[in-house]
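Written out below as structure tokens is the structure these notes cover.
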Amino acid sequence: MNLRIVGANLFVTLMSIYREKTTMFFTLAFPIILILLFGTIFMSQDNVNFHLSVQDLDQSESSAKSIETLGHNGKFKITKVDPAINALQYVKDNKANLVLVIPKGFETALMRRMMHKDLTASVTVTYFYDPSSSSVPTKMEILNGVLAGLNQEMTGIPPFIKSVQKSILTKKYRFIEFFIPGIIAMAVMTLSLFGTVYLNTELRQKGIIRKLCTTPITRTDWILSHMLYQFIIALVSTTVMLVVSYAVFHVNLHLNAWLPAFILLDVFAFVGIGMILTRFVKESQSAAAAANAISFPIMFLSGSFFPIELMPGFLQTIAKTLPLYYVNEGLRASMIFQDNMAALRDSAVIGVFAAIVFILGIIATKWEEGK
Amino acid sequence: MKEAEHVIEVENLTKRYGALLAVNDISFNVKKNEVFALLGPNGAGKTTTVEIIDTIRLPTSGIVRLLGMDVTKKKHAIVPRIGVLPQGFSSFDKITVRETLQYYSRLFSRKNADIDGLIDLVNLKDKTNEHYKNLSGGLQQRLGIAIALVNDPEVVFLDEPTTGLDPRARREVWDVLLSLKKKGTTVFLTTHYMEEAELLADTVAIISKGKIIAMGSPGELIERNANYLLITLQLADEQAFEIVRKMGFEPVHDNHKSIKVRVEQTDDVQKILTAIKDAGMSLLTLDVRKPNLEEVFLKLTGEALHDNQVGERGAK
Numbered sequence: 001m002n003l004r005i006v007g008a009n010l011f012v013t014l015m016s017i018y019r020e021k022t023t024m025f026f027t028l029a030f031p032i033i034l035i036l037l038f039g040t041i042f043m044s045q046d047n048v049n050f051h052l053s054v055q056d057l058d059q060s061e062s063s064a065k066s067i068e069t070l071g072h073n074g075k076f077k078i079t080k081v082d083p084a085i086n087a088l089q090y091v092k093d094n095k096a097n098l099v100l101v102i103p104k105g106f107e108t109a110l111m112r113r114m115m116h117k118d119l120t121a122s123v124t125v126t127y128f129y130d131p132s133s134s135s136v137p138t139k140m141e142i143l144n145g146v147l148a149g150l151n152q153e154m155t156g157i158p159p160f161i162k163s164v165q166k167s168i169l170t171k172k173y174r175f176i177e178f179f180i181p182g183i184i185a186m187a188v189m190t191l192s193l194f195g196t197v198y199l200n201t202e203l204r205q206k207g208i209i210r211k212l213c214t215t216p217i218t219r220t221d222w223i224l225s226h227m228l229y230q231f232i233i234a235l236v237s238t239t240v241m242l243v244v245s246y247a248v249f250h251v252n253l254h255l256n257a258w259l260p261a262f263i264l265l266d267v268f269a270f271v272g273i274g275m276i277l278t279r280f281v282k283e284s285q286s287a288a289a290a291a292n293a294i295s296f297p298i299m300f301l302s303g304s305f306f307p308i309e310l311m312p313g314f315l316q317t318i319a320k321t322l323p324l325y326y327v328n329e330g331l332r333a334s335m336i337f338q339d340n341m342a343a344l345r346d347s348a349v350i351g352v353f354a355a356i357v358f359i360l361g362i363i364a365t366k367w368e369e370g371k
Numbered sequence: 001m002k003e004a005e006h007v008i009e010v011e012n013l014t015k016r017y018g019a020l021l022a023v024n025d026i027s028f029n030v031k032k033n034e035v036f037a038l039l040g041p042n043g044a045g046k047t048t049t050v051e052i053i054d055t056i057r058l059p060t061s062g063i064v065r066l067l068g069m070d071v072t073k074k075k076h077a078i079v080p081r082i083g084v085l086p087q088g089f090s091s092f093d094k095i096t097v098r099e100t101l102q103y104y105s106r107l108f109s110r111k112n113a114d115i116d117g118l119i120d121l122v123n124l125k126d127k128t129n130e131h132y133k134n135l136s137g138g139l140q141q142r143l144g145i146a147i148a149l150v151n152d153p154e155v156v157f158l159d160e161p162t163t164g165l166d167p168r169a170r171r172e173v174w175d176v177l178l179s180l181k182k183k184g185t186t187v188f189l190t191t192h193y194m195e196e197a198e199l200l201a202d203t204v205a206i207i208s209k210g211k212i213i214a215m216g217s218p219g220e221l222i223e224r225n226a227n228y229l230l231i232t233l234q235l236a237d238e239q240a241f242e243i244v245r246k247m248g249f250e251p252v253h254d255n256h257k258s259i260k261v262r263v264e265q266t267d268d269v270q271k272i273l274t275a276i277k278d279a280g281m282s283l284l285t286l287d288v289r290k291p292n293l294e295e296v297f298l299k300l301t302g303e304a305l306h307d308n309q310v311g312e313r314g315a316k
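Keeping their order, the protein sequence lines are chains A and B.
Per my numbering, the very first residue in the first sequence carries number 1; after that it's consecutive.
Per my numbering, the very first residue in the second sequence carries number 1; after that it's consecutive.
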């Protein structure tokens, strides 16, 4: 290995991307756009407001009070529907995806139950809903919870089982703080994978690799300089992402030595995969398609955007076989929870994986033509 | 010392790509300080041969020694001593001419490489800060030649250095190659341009379908394989064709309503001219010339050397 050669090669690749302003811009802009987009969507996830349409056919003081109670829950922004309108048609006309209908006789039944202890007295509220709307199940779940609470309260008997929530964290973390480490891991993965695949196929197609083959640069020099290049780009990209996250969303993440360590392991693993891929895919366009085919499932299955607990069991098992999962987990362990033991465990897994694919990548990288 | 005589020794070289026999048991030597041209049409095996010699490819069988070393075993010792312009050379788009030369000089660990001298040699002085992408095809090839010389190599390999260039750019590259020849640099050149081989080469090896079919200096090859004269006559009277034919020659019409006649002796030229004059016909133009390598190639292989389909890279 010759460090002068590694340095010369690193300079040329860095200057190439620095002078390619469009590539440079999109390299840095893509994760920023994701952070801004998802960050804005989930910024106030704790105060999510669902629109709830309520039709009060009873028009009584009790029914009005019940609707008010629903509004106090904090989850719903109530829209009152004119009692003269057909609620079913109202949903069908896409004016709302769920309408809660409080029937006529609500107050009378309530009085019978409360004053006269008539246990046969009850009311049935109706949900008219559009099942194709994704927010409806969540709304119904919250509504059922509220109604169960009301029912329980009306019995006048204190609940037997009570629950208390105690977080292991001294401070509750926000979704954006969960999201940023995932986006860093994902961005480093795509930069390393696509960067390797693109650079190798492009240089091979242009005949530059063939020219380099007739110079003293070795495969080790080339791969090392490429690694350093990807690492520098990943660090720049991560810095920009963190600056935006702190400036726009005021995130509270812990920055320590684990961050560059996980970025380096992420780079190693996906440069290795990129090198293996380049061996089998010769054209730059098909290489980009192959890189997409690999990165997209990894991106979504590894928990970069949402916790893997939200996925079906078998997908969770698959997620745990993916390298990016351990980068996500490791970064979150260090940046959110400051859990060094968990970060160490995750770094060991991704480290072993990175070492294996990187060695395979070196073996797969071939310059000279065979016999 | 053998190396002083032959810097390249090729013995029974064969290269197969699956069922395709690209190079078929060829042998030749290249002397120090000579310009050696491997001349042949596209697909003849030129690039495969040069890429085996300059260590890009491995042979299927045979022995190739470069600077006295086996190319399959001593690549690392050979590479710093040779310069290569591969076929279809390209470089980093956004790197300037000077930076590109500095980059390659660092790859060869040449701290004191004469970058300015190389820029002068290939006449790129006013383009030193131009990005590679912005250079015309001819300028890119000239930069490629400068890169091939950055390590002051003992042997330079130029694989089709002018293919795809327009005639003007081609001549500019030839000027650079002529200055290399003048300096006594050993050059291994592949080309399908007969004029290029004739102008630059001390020795020409004609390759066809993976076989070397003739080798020698351009003069020797012509002398040996095409020892005749070609006369082109343009006359006002079409009867001239019959007169020449009756004299026992085999005239042919060419595209420009001229007659072409091949004659063995210089005296035959005089005889034909006298016969035309005696018949009272007036001669519009007359051209007498020796055959060139194109005709040698045609005679030896029965196929044309030039592929007119080749696109040209003009000045941008």
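C-beta atoms are modelled at their ideal positions from N, C-alpha and C, and glycine is treated no differently.
Report the three-state DSSP secondary structure of residue i (helix, strand or coil).
i, result
"arginine 171 of chain B", "helix"
"glycine 43 of chain B", "coil"
"glycine 62 of chain B", "strand"
"lysine 117 of chain A", "coil"
"glutamine 234 of chain B", "strand"
"methionine 69 of chain B", "strand"
"glycine 207 of chain A", "coil"
"glycine 164 of chain B", "coil"
"alanine 214 of chain B", "strand"
"arginine 112 of chain A", "helix"
"phenylalanine 11 of chain A", "helix"
"glutamine 87 of chain B", "coil"
"arginine 110 of chain B", "coil"
"aspartate 307 of chain B", "Caution is warranted here: a pLDDT of 47 is assigned to aspartate 307 of chain B, below 50, making its placement in the model unreliable, and the coordinate value is therefore given only provisionally. It is coil, neither helix nor strand."
"glutamate 3 of chain B", "Low confidence applies here, because glutamate 3 of chain B scores a pLDDT of 43, under 50, leaving its location unreliable; read the following figure in that light. In the structure shown, glutamate 3 of chain B sits in a helix (DSSP, three-state: H, G or I)."
Taking the Cβ atom as the reference point for each residue, do residue i and residue j lie within a distance shorter than 7 Å?
i, j, result
"proline 153 of chain B", "isoleucine 82 of chain B", "yes"
"phenylalanine 128 of chain A", "alanine 84 of chain A", "no"
"isoleucine 95 of chain B", "valine 12 of chain A", "yes"
"phenylalanine 411 of chain A", "lysine 75 of chain A", "Lying outside 1 to 371, the shown extent of chain A, residue 411 of chain A is not represented and no answer is given."
"leucine 101 of chain B", "valine 30 of chain B", "no"
"proline 86 of chain B", "glycine 361 of chain A", "no"
"serine 62 of chain A", "asparagine 97 of chain A", "no"
"valine 81 of chain A", "glutamine 55 of chain A", "yes"
"glutamate 177 of chain A", "leucine 253 of chain A", "yes"
"glycine 210 of chain B", "alanine 22 of chain B", "yes"
"valine 125 of chain A", "isoleucine 142 of chain A", "no"
What whole-angstrom Cβ distance do residue i and residue j have, given they're in contact under 8 Å?
i, j, result
"alanine 113 of chain B", "glycine 138 of chain B", "Not confirmed; about 23 Å, so no contact."
"threonine 55 of chain B", "lysine 75 of chain B", "5 Å"
"threonine 196 of chain A", "histidine 226 of chain A", "7 Å"
"isoleucine 32 of chain A", "methionine 24 of chain A", "Not quite, the Cβ-Cβ distance comes to about 13 Å (not below 8 Å), so this is no contact."
"phenylalanine 194 of chain A", "alanine 288 of chain A", "7 Å"
Could you check whether the Cβ of residue i sits closer than 6 Å to any heavy atom belonging to the ligand ADP?
i, result
"leucine 100 of chain A", "With respect to the ligand ADP, the structure offers nothing, as it holds no ligand at all."
Who are the near neighbours of residue i in its chain, counting only those whose CB is closer than 7 Å to its CB and skipping five residues on each side?
i, result
"serine 258 of chain B", "Thr232, Leu233, Gln234"
"leucine 230 of chain B", "Lys260, Arg262, Arg289, Pro291"
"serine 302 of chain A", "Ala319, Leu322, Leu324, Tyr325, Asn328"
"glutamate 3 of chain B", "Low local confidence applies: a pLDDT of 43 at glutamate 3 of chain B is under 50, so the model's placement there is unreliable, with the coordinate-based value given in what follows. Taken in chain order, the residues that qualify are Leu67, Gly68."
"asparagine 225 of chain B", "Ala214, Val296, Lys299, Leu300"
"aspartate 346 of chain A", "Tyr326, Glu329, Gly330, Ala333"
"alanine 364 of chain A", "Met275, Ile276, Arg279"
Identify, in the order they occur along the chain, each residue of the same chain with its Cβ nearer than 8 Å to the Cβ of residue i, setting aside the five sequence neighbours on each side.
i, result
"leucine 199 of chain B", "Trp174, Leu178"
"aspartate 307 of chain B", "Annotation note: pLDDT 47 at aspartate 307 of chain B (below 50); position unreliable, no value reported."
"arginine 98 of chain B", "Ile115, Ile119, Thr128, Asn129"
Apart from the five residues on each side of it in sequence, which residues of its chain come closer than 6 Å, Cβ to Cβ, to residue i?
i, result
"glutamate 324 of chain B", "The structure shown has nothing for residue 324 of chain B, since chain B only spans 1 to 316."
"lysine 133 of chain B", "Asp93"
"alanine 315 of chain B", "Residue confidence for alanine 315 of chain B is low, a pLDDT of 38 falling below 50, so the modelled location carries little weight and cannot support an answer."
"isoleucine 243 of chain B", "Ala275, Ala279"
Checklist entry - Are the region 227-243 of chain A and the region 183-199 of chain A touching by the rule of at least three beta carbon pairs closer than 8 Å? => result Touching, yes.
Taking three-plus beta-carbon pairs below 8 Å as touching, is the region 192-212 of chain B in contact with the region 21-38 of chain B? When C-beta atoms of the region 192-212 of chain B are compared with those of the region 21-38 of chain B, three or more pairs fall below 8 Å, so the two segments count as touching.
- Message: Measuring CB atoms only, is the region 171-180 of chain B touching the region 112-126 of chain B, in the sense that at least three cross pairs come out at less than 8 Å?
- Response: yes
**Request:** Decide if the region 177-184 of chain A is in contact with the region 275-294 of chain A; the criterion is three or more beta carbon pairs, one per stretch, under 8 Å apart.
**Result:** no
>> Can you confirm whether the region 137-152 of chain A touches the region 102-117 of chain A when touching is taken to mean that 3 or more C-beta pairs between the two stretches lie within less than 8 Å?
In response: no
ask   = Taking one C-beta from the region 41-60 of chain B and one from the region 346-358 of chain A each time, how about it: are there three or more such pairs within less than 8 Å?
value = no
Is the region 298-305 of chain A touching the region 216-229 of chain A in the sense that three or more CB pairs, one from each, lie closer than 8 Å? no
Per the contact definition of three or more C-beta pairs closer than 8 Å, is the region 211-218 of chain B in contact with the region 269-276 of chain B?
With a cut-off of 8 Å, the region 211-218 of chain B and the region 269-276 of chain B do not count as touching, because too few Cβ pairs lie within range.
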